[in-house]
Amino acid sequence: MKSIISNINNIDNNHLAGGALALWFILNISTLILNKYIYSSLYFYYPITLTAIHMFVCWIGSVAVLRVYKLIPLITVQWSGKQFINIMILSILFCSNIVFGNVSLRWVPVSFMQTVKSSVPLFTVILTTLFFSNIGGKKTTFTRGTYLSMIPIVGGVCVASLSEVNFNQAGFIAALASSILSAVFAIVSGLILTQQMNAVNLLYYMSPISCCLLFPLSAFMEWNAIANEWPLYGESKPIVILLLSGLIAFLLNTFTFLVIKLTSPLTYTVSGNLKVVLSISISILVFKNETNFFNVLGCAIAIMGVVCYSNIKYEESKAKLEQQQQQSLKQLESIYEEKLDKESLLSK
Numbered sequence: 000m001k002s003i004i005s006n007i008n009n010i011d012n013n014h015l016a017g018g019a020l021a022l023w024f025i026l027n028i029s030t031l032i033l034n035k036y037i038y039s040s041l042y043f044y045y046p047i048t049l050t051a052i053h054m055f056v057c058w059i060g061s062v063a064v065l066r067v068y069k070l071i072p073l074i075t076v077q078w079s080g081k082q083f084i085n086i087m088i089l090s091i092l093f094c095s096n097i098v099f100g101n102v103s104l105r106w107v108p109v110s111f112m113q114t115v116k117s118s119v120p121l122f123t124v125i126l127t128t129l130f131f132s133n134i135g136g137k138k139t140t141f142t143r144g145t146y147l148s149m150i151p152i153v154g155g156v157c158v159a160s161l162s163e164v165n166f167n168q169a170g171f172i173a174a175l176a177s178s179i180l181s182a183v184f185a186i187v188s189g190l191i192l193t194q195q196m197n198a199v200n201l202l203y204y205m206s207p208i209s210c211c212l213l214f215p216l217s218a219f220m221e222w223n224a225i226a227n228e229w230p231l232y233g234e235s236k237p238i239v240i241l242l243l244s245g246l247i248a249f250l251l252n253t254f255t256f257l258v259i260k261l262t263s264p265l266t267y268t269v270s271g272n273l274k275v276v277l278s279i280s281i282s283i284l285v286f287k288n289e290t291n292f293f294n295v296l297g298c299a300i301a302i303m304g305v306v307c308y309s310n311i312k313y314e315e316s317k318a319k320l321e322q323q324q325q326q327s328l329k330q331l332e333s334i335y336e337e338k339l340d341k342e343s344l345l346s347k
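Quick note on numbering: numbering that gives the first Met the number 0 labels position 66 of the sequence shown as 65, and the sequence is numbered without any gaps.
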């Protein structure tokens, strides 16, 4: 079967990109809503087991997409002791992030959780500045605009947290921990991955390790409670919903790859910001979360900060790419001039 990439040129790219983007929005919002539904309506208060199920389905899905049907090219990793440790580190960070995100959904509304998660850029800047600014002999610095964009993010999260009607300390701390782990994962993956990995290939290598970590932990900490305390234990419908949530989580990663492949960095950046707004708005409508003026204001301020940060990072990456293109052009011009000089000398 031909890969998805090889078929892209046979379809109108605008229609394909639009369809992938629409499904990406639906899957993003569905993941949040369904996970919250699992806690609020299925009473499945077991975040480690839920994450383990997600990782297992992602493992099966990535094998099917990459090896069985070959819809996306498999990126082969040259395994070594160091590379295994690197993937292990990423797996721990990845599944820990998801576990804490699921824990936060147990205690706080999706809208508040998403507002707190908008602090990821803040922690990325802080952690990079404190611990990762001078690794590999190259110093990482941020512009004044980047630092200024942190002000509305911090202010918005503070206002939303202080005014949250359904505030829960455990849920807030879990959402904050998930934000920190998201930032650490993004930084560390950029440092230790020797090859550019898309979301599906990264899942292919991380999900089996995550399963090996999560299933023993969930068996030790949660399975006894599931068997004895979960009111829906033994029913088939909740199991189907749990597996469906894992399938949606995997499809989200697949469509993240497609959206990045088919759209521009600007489109993906803007879509990411719009996704946060839609997730918050739809979750309020679905779960009828009690909100007030300051809660909405704090959320809006935080999102504004994220939009500013995303725009600054996009402009920086665009300027960097243009600089690299200019350098490459100068090198080609230099080579061409040298060739002309040699030809002129030979003609004499």
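Even for Gly, the Cβ is constructed at its ideal location relative to N, Cα and C.
Please name the residue or residues paired with residue i in a DSSP beta bridge.
i	result
K138	N133
For the putative contact between residue i and residue j, defined by C-beta atoms under 8 Å, what is the C-beta separation to the nearest angstrom?
i	j	result
S309	G271	7 Å
I208	I86	6 Å
I186	T128	Not really, about 11 Å apart at Cβ, beyond 8 Å.
F93	L241	The pair is not a contact, with the Cβ atoms about 19 Å apart (cut-off 8 Å).
V119	A182	5 Å
V276	I259	Their Cβ separation, rounded to whole angstroms, is 20 Å, which puts V276 and I259 out of contact at 8 Å.
For residue i, I'd like the list of residues in its chain whose CB is within less than 7 Å of its CB, leaving aside the five on either flank, ordered along the chain.
i	result
C254	Cys is not the amino acid found at residue 254; the sequence shown has Phe there. A19, L22, W23, L26.
K116	A174, S177, S178
S278	N27, I28, L31, V109, Q113
L104	N34, K35, Y38, M112
Is the beta carbon of residue i less than 8 Å from the beta carbon of residue j?
i	j	result
G297	S177	no
G304	G144	no
S206	S61	yes
I88	L216	no
I300	V158	yes
F131	L190	yes
S148	C307	yes
S90	L212	yes
V107	F171	yes
L180	V153	no
Give me, in chain order, the residues of the same chain whose beta-carbon lies closer than 8 Å to that of residue i; leave out the 5 immediate sequence neighbours on both sides.
i	result
A248	T30, H53, V56, C57
S244	T30, L33, N34, I37, L49, I52, H53
L231	L41, Y42, F43, P237
A226	Y232
N167	W106, V107
Would you call residue i buried or exposed, if buried means 16 or more other Cβ atoms sit within 10 Å of its Cβ?
i	result
G100	buried
I84	exposed
T290	buried
P151	buried
M220	exposed
T45	This sequence places Tyr at residue 45; Thr is not what is there. Y45 comes out buried.
T142	exposed
L331	exposed
L251	buried
V124	buried
W78	exposed
N294	buried
I334	exposed
V67	exposed
V239	exposed
V164	exposed
L202	buried
S348	Lying outside 0 to 347, the shown extent of the chain, residue 348 is not represented and no answer is given.
Y146	exposed
Please list, in chain order, all residues of the same chain as residue i whose beta carbon is under 6 Å from its beta carbon, the five residues on each side excluded.
i	result
L246	V56
I281	I28
T268	S309, Y313
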